[in-house]
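Read top to bottom, the protein sequences are chains A and B.
Going by my numbering, the first residue of the first sequence is number 20, and it counts up by one from there.
Going by my numbering, the first residue of the second sequence is number 20, and it counts up by one from there.
Glycine included, every Cβ here is placed at the ideal spot set by N, Cα and C.
2 protein chains.
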Amino acid sequence: MFKQFVYDIGTKVYFGPIDKSSLGQEITRYGHKLFFIYQGDFIKQLGIYDLVISAGKEYGFEIVEFTKIQPNPRHSDVQEGIDLCRQEQCDVILVAGGGSAIDSAKAIASGVLIDAPIWDVVLGKYPVENSLPLLTISTVSATGSEMNFGAIISNLETKDKLGLRKPSQRPKATFLNPEYTYSVPQFQTACGSADILCHTLETYFSSDNCMFMLDTFMEGLVRTVIQYAPIAYTQPDNYEARANLMWAAPWAINDFLRYDKENNWTMHPIEHEISAYYDITHGLGLAIIMPRYLRHIIDEKSLKRFRNLGINAFGLSCENDDITLAEKTIEAIEAFCYEQLHLESHLSSLGIDNRYFDEMAAKLASDHGYFTSGYRKLSKQDIVQILNECL
Amino acid sequence: MFKQFVYDIGTKVYFGPIDKSSLGQEITRYGHKLFFIYQGDFIKQLGIYDLVISAGKEYGFEIVEFTKIQPNPRHSDVQEGIDLCRQEQCDVILVAGGGSAIDSAKAIASGVLIDAPIWDVVLGKYPVENSLPLLTISTVSATGSEMNFGAIISNLETKDKLGLRKPSQRPKATFLNPEYTYSVPQFQTACGSADILCHTLETYFSSDNCMFMLDTFMEGLVRTVIQYAPIAYTQPDNYEARANLMWAAPWAINDFLRYDKENNWTMHPIEHEISAYYDITHGLGLAIIMPRYLRHIIDEKSLKRFRNLGINAFGLSCENDDITLAEKTIEAIEAFCYEQLHLESHLSSLGIDNRYFDEMAAKLASDHGYFTSGYRKLSKQDIVQILNECL
């Protein structure tokens, strides 16, 4: 029996080349003074900057720019954005960029309406009921932040990387132009694809008893990523590959697939510990953790899910026994990440050693020595072991 | 290359047992005087009627009831509904029932705002810009009308069955309680499942070049229907089966799967001719047409789609050659409809003969003797041949 759920995903998505009138109409539907967040020269090179400025002139909205965005977005930068947005009294936000930019924009959209330091908001000390209306132009197929309401914010001082998930942060409209992703470098294409795959697998392995229909969609997303990520990697301007990845990214994590189950993610919390300490690229961290974690959770209950995943997503023969299918499925994920997408397969190659593993594991195993909010209850020792296997 | 599209599906879905406060809040979010459309005693037996009345008392909205709904909803009944709704100055509509009730409610929601006979509105003589806000409680897993903006209305005088598709008709909120479908009779469960399958296949065979990700989702929907319809047929109170069918129904036809392609449906237009003449159950007509039509469209281009469908949705071996895979896929659909769901396999068993086939085909082949809006251009003779094969 599935639990009750409320499906509520109202983001309007414009897919394909952006039409200036659609952009102008969506912005002026929500406000008159735009807080325009973007990161990097590539937003100008892609023509997005000029498009927004031009829409502003034509549709008569003012524009305040903010560009202080870094990968693994910092609470201190977000605070600066909030202060500027509030001071300028902007009433609608547009963000152009990848997951870090969009996550920053979400935290700004919420923080600007609350008279408190943003890190306290992230820590849950203040309720978030409303956020400024947010529009996004996504330029990377990865985090799926463009269609969900989650943001991940890092505090480098406390080495914390925490989620701020508020329904009011879900973008009102999102513009997805696959051509904008042609210039995403190979490494980022690989990391983004590993991220999409991992989002899907986190949800797939969130419960042992899910709605079959959603299982089939998740298997379809895995098929999509493993089919098209290698093509996008070697042929960066392949529209079909970029379009499939760009539409798969939000659906892997816009909540649709997990409404029928608990949100028991494990790989992301582990990766967030690593990147909070070492500031590595999120998708790369996930690619390293995925196979180690999946091997760790092979048990009598999960074998059925591995079996379905192996057969339906990776095309493995149903004549394999369950254990073999689980192992071959994990090997297929390794081949995808490390051979086809050429991602590093070991944390040690990134200059990471085990000195903080105990500290990271202790943070995760905060429930009397256990991590209890994931698919399987993990002890602190389990987590240290998984981390050691990643070395 | 896919065409540009705008994804815009804002229907909020409450899945599971209905909570009176959610119902009351959704209704009063949109209006104060409710036009409550329902069909048949079973709405009272299911407790839906009492729930709505009780919500009205608690949340302070007035209720006007309308119950004149028939299968293959008639324009004359819809007109009565419009007149009453207008006279009573209702400002929000709630419909409880299956596709016929929901389609009627959509036409009423639009017609009440236009000072013209509803059949002229269906014929496109008047633009539909707005509709009264519509909420639905679906009691049958079939047409998917609960999450899309289409309505099919019949005119028995002119023997026409036409679509009224207006974005403003998309329900604002939909309540899906799988338990309400426990009492759906076997025949209706079978017809509804055939309908879901056919919606998926219409879209799957709308184009030879679709977005792979959406193909995988459609294959997943087919897997879901063929897995759970036979279970729901034999175990009417199997929650897992009813829930999967209930969530599959709207996704098969809420537009998500066809945003990347033309809307080139063929089986539905043919079935609408049959049921306009003979008033048979829509899903039964589709079940009879499906295999005949699919055999008719086997060609060099479609073989690739049949191959993917056979392997990924019906679990056929990839070692079969393309022609064999297409034939086995169609045989699997026949076995599903006629053996597992015990639906009639021939129009002649329903007392239908060929006397109007020429007239029906002529109506469809209205473009200089051809039906040109489908997946394949069909001549009038092609359509007569398909109909004859259905006999």
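Problem - Span separating the alpha-carbon of Val115(B) from that of Pro190(B) - result: If you number the second sequence from 1, residue 115(B) lands on position 96. If you number the second sequence from 1, residue 190(B) lands on position 171. The amino acid occupying residue 115(B) in the given sequence is Ala; Val does not appear at that position. The straight-line gap from Cα to Cα measures roughly 12 Å.
Problem - Own chain residues within Cβ distance below 7 Å of Met20(B), not counting five before or after - result: Here residue 20(B) refers to the residue found at position 1 when the second sequence is read from its first residue. Here the model assigns Met20(B) a pLDDT of 47, short of 50, so the residue's position is not dependable and the matter cannot be decided.
Handout entry: Under 9 Å from the C-beta of Leu383(A): neighbouring residues of chain B
Key = Position 364 of the first sequence, counted from the start, is the residue given in the question as residue 383(A). Correct list: empty, because the minimum Cβ distance to chain B is about 32 Å.
Problem - C-alpha gap between Asp96(A) and Asn273(A), whole angstroms - result: As a working mapping, residue 96(A) is identified with position 77 in the first sequence. As a working mapping, residue 273(A) is identified with position 254 in the first sequence. For Asp96(A) and Asn273(A), the distance between alpha carbons rounds to 25 Å.
Handout entry: Check whether Leu233(A) and Asp279(A) have beta carbons under 8 Å apart
Key = Along the first sequence, one-based indexing puts residue 233(A) at 214. Along the first sequence, one-based indexing puts residue 279(A) at 260. For the 8 Å CB-CB criterion, Leu233(A) and Asp279(A) form a contact.
Exercise for the section: Take Pro255(A) as the anchor and find which of Ile299(A), Ser202(A), Ala262(A), Tyr296(A) has the nearest alpha-carbon. Expected result: To locate residue 255(A), count along the first sequence from 1; it is residue 236. The candidate whose alpha carbon is nearest that of Pro255(A) is Ser202(A).
Handout entry: Members of the region 26-37 of chain A near chain B, C-beta cut-off 9 Å
Key = Listed by position along the chain: Tyr26, Asp27, Ile28, Gly29, Thr30, Lys31, Val32, Tyr33, Phe34, Gly35, Pro36.
Exercise for the section: From the DSSP output, in three-state form, read off Met20(A) for me. Expected result: As a first step, residue 20(A) must be located in the first sequence, where it is residue number 1. Any reading at Met20(A) must be qualified, since the residue scores a pLDDT of 47, below 50, and its modelled position is unreliable; the value itself is stated next. Of the three classes helix, strand and coil, the one that applies to Met20(A) here is coil, per DSSP.
Exercise for the section: Could you please tell me which residues of the region 239-265 of chain A, in chain order, have their CB closer than 8 Å to any CB of chain B? Expected result: Along the region 239-265 of chain A, going in chain order, the ones with a CB nearer than 8 Å to a CB of chain B are Gly239, Leu240, Arg242, Thr243, Gln246, Tyr247, Tyr258, Glu259, Ala262, Asn263.
Exercise for the section: Report the residue ranges of all beta strand (DSSP E) runs contained in full by the region 165-239 of chain B; include only those spanning at least 3 residues, in chain order. Expected result: List check, beta strand (DSSP E) in window: 169-174, 179-184, 192-195.
Problem - DSSP state of Ile307(A) mapped onto helix, strand, coil - result: Residue numbering aside, residue 307(A) sits at position 288 when the first sequence is read from its first letter. In the displayed model, Ile307(A) falls within a helix according to three-state DSSP.
Practice task
Return no unless some Cβ of chain B is closer than 8 Å to the Cβ of Ala267(A).
Solution key: For the purposes of this step, residue 267(A) is identified with residue 248 of the first sequence, where counting begins at 1. Ala267(A) counts as touching chain B.
Exercise for the section: Measuring only between beta-carbons, confirm whether Gln359(B) sits less than 8 Å from chain A. Expected result: For the purposes of this step, residue 359(B) is taken as the residue at position 340 of the second sequence. Closer than 8 Å: no.
Exercise for the section: Answer yes or no: does any C-beta atom of chain B fall closer than 8 Å to that of Met379(A)? Expected result: Counting from 1 along the first sequence, the entry for residue 379(A) is found at position 360. It does not: the Cβ of Met379(A) has no partner Cβ on chain B nearer than 8 Å.
Handout entry: The beta strand (DSSP E) enclosing Glu81(A), as first and last residue numbers
Key = Position 62 of the first sequence holds residue 81(A). Note, Glu81(A): beta strand (DSSP E), 81-85.
Handout entry: For Tyr252(A) and Leu369(A), the rounded distance between their alpha carbons
Key = Counting from 1 along the first sequence, the entry for residue 369(A) is found at position 350. Counting from 1 along the first sequence, the entry for residue 252(A) is found at position 233. Answer to the nearest angstrom: the Cα atoms are 21 Å apart.
Practice task
Under 7 Å Cβ to Cβ from Ile349(B), same chain only, skipping five residues before and after it: list those, please.
Solution key: Residue numbering aside, residue 349(B) sits at position 330 when the second sequence is read from its first letter. Contacts found: Pro310, Leu313, Arg314.
Practice task
Indicate whether Ile37(B) and Phe55(B) have their beta-carbon atoms separated by less than 8 Å.
Solution key: By 1-based counting over the second sequence, the position of residue 37(B) is 18. By 1-based counting over the second sequence, the position of residue 55(B) is 36. Not in contact: Ile37(B) and Phe55(B) (Cβ atoms no closer than 8 Å).
Exercise for the section: Decide if the region 153-173 of chain A is in contact with the region 119-130 of chain A; the criterion is three or more beta carbon pairs, one per stretch, under 8 Å apart. Expected result: Touching, per the Cβ criterion.
Handout entry: Contact check, Thr235(B) vs Tyr394(B), beta carbons under 8 Å
Key = Here residue 235(B) refers to the residue found at position 216 of the second sequence. Here residue 394(B) refers to the residue found at position 375 of the second sequence. Contact annotation: Thr235(B) and Tyr394(B) have beta-carbon atoms that are not nearer than 8 Å.
Practice task
Taking C-beta pairs closer than 9 Å, name the residues in chain B that Phe24(A) reaches, listed in chain order.
Solution key: Looking up residue 24(A) in the first sequence gives position 5. In chain order: Val32, Tyr33, Phe34, Gly35.
Exercise for the section: Would you mind reading off the limits of the alpha helix (DSSP H) that contains Leu70(A)? Expected result: Walking along the first sequence from the start, residue 70(A) turns up at place 51. Per DSSP, Leu70(A) is one residue of the alpha helix (DSSP H) stretching across 67-78.
Practice task
State yes or no: is the C-beta of Gly50(B) within less than 8 Å of the C-beta of Val131(B)?
Solution key: For this step, residue 50(B) is matched to residue 31 along the second sequence. For this step, residue 131(B) is matched to residue 112 along the second sequence. Not closer than 8 Å, so no.
Handout entry: DSSP bridge partner residues for Val140(B) (one or two, in chain order)
Key = The count along the second sequence starts at 1 and reaches residue 140(B) at position 121. Under DSSP, Val140(B) forms no beta bridge with any residue.
Problem - Contact set for Tyr78(B): own chain, Cβ-Cβ below 8 Å, skip 5 residues either direction - result: One-based indexing of the second sequence puts residue 78(B) at position 59. Excluding positions up to five away in sequence, the list reads Gly43, Gln44, Ile46, Thr47.
Problem - Nearest-angstrom Cβ-Cβ length linking Gln188(B) and Leu153(B), presumed shorter than 8 Å - result: The residue labelled residue 188(B) in the question sits at position 169 within the second sequence. The residue labelled residue 153(B) in the question sits at position 134 within the second sequence. Rounded, the Cβ-Cβ distance is 7 Å, consistent with contact.
Practice task
State yes or no: is the C-beta of Gly100(B) within less than 8 Å of the C-beta of Phe80(B)?
Solution key: As a working note, residue 100(B) is residue 81 in the second sequence. As a working note, residue 80(B) is residue 61 in the second sequence. Going by C-beta atoms, Gly100(B) is not nearer than 8 Å to Phe80(B).
Practice task
Just tell me which of Lys22(B), Met379(B), Lys39(B), Ser398(B) has its CA closest to the CA of His387(B).
Solution key: By 1-based counting over the second sequence, the position of residue 387(B) is 368. Per the C-alpha coordinates, the member of Lys22(B), Met379(B), Lys39(B), Ser398(B) positioned closest to His387(B) is Ser398(B).
Practice task
Please confirm whether His287(B) and Ile172(B) have their CB atoms less than 8 Å apart.
Solution key: Along the second sequence, read from residue 1 onward, the residue named residue 287(B) stands at position 268. Along the second sequence, read from residue 1 onward, the residue named residue 172(B) stands at position 153. No, Cβ-Cβ distance for His287(B) and Ile172(B) is not below 8 Å.
Practice task
Quick one: measure Cβ to Cβ for Gly29(B) and Gly29(A), integer angstroms, because I've assumed they're closer than 8 Å.
Solution key: As a position in the second sequence, residue 29(B) is number 10, starting the count at 1. As a position in the first sequence, residue 29(A) is number 10, starting the count at 1. About 5 Å; that satisfies the 8 Å criterion.
Exercise for the section: Please classify Asp401(A): does DSSP put it in a helix, a strand, or coil? Expected result: As a working mapping, residue 401(A) is identified with position 382 in the first sequence. Looking at Asp401(A) - three-state DSSP - the assignment turns out to be helix.
Exercise for the section: Under 6 Å Cβ to Cβ from Phe275(A), same chain only, skipping five residues before and after it: list those, please. Expected result: In the first sequence, the residue the question calls residue 275(A) occupies position 256. Taken in chain order, the list of residues that qualify is empty.
Exercise for the section: Kindly indicate which residue of Ser129(A), Phe376(A), Cys109(A) has the alpha-carbon position closest to the one of Ile402(A). Expected result: Position 383 of the first sequence holds residue 402(A). With respect to the C-alpha of Ile402(A), the residue from Ser129(A), Phe376(A), Cys109(A) having the closest C-alpha is Phe376(A).
Problem - Proximal chain B residues relative to Thr235(A), where beta-carbon distance stays under 7 Å - result: Counted from its first residue, the first sequence places residue 235(A) at position 216. Residues of chain B passing the Cβ test: Gly239, Arg242, Thr243.
Exercise for the section: Scan the region 294-310 of chain A for residues whose Cβ lies nearer than 9 Å to a Cβ of chain B and list them as they occur along the chain. Expected result: Of all residues in the region 294-310 of chain A, none has a Cβ within less than 9 Å of some Cβ in chain B.
Handout entry: Closer than 8 Å to chain B by CB, Phe231(A)
Key = Position 212 of the first sequence, counted from the start, is the residue given in the question as residue 231(A). Phe231(A) belongs to the set of residues whose beta carbon lies under 8 Å from a beta carbon in chain B.
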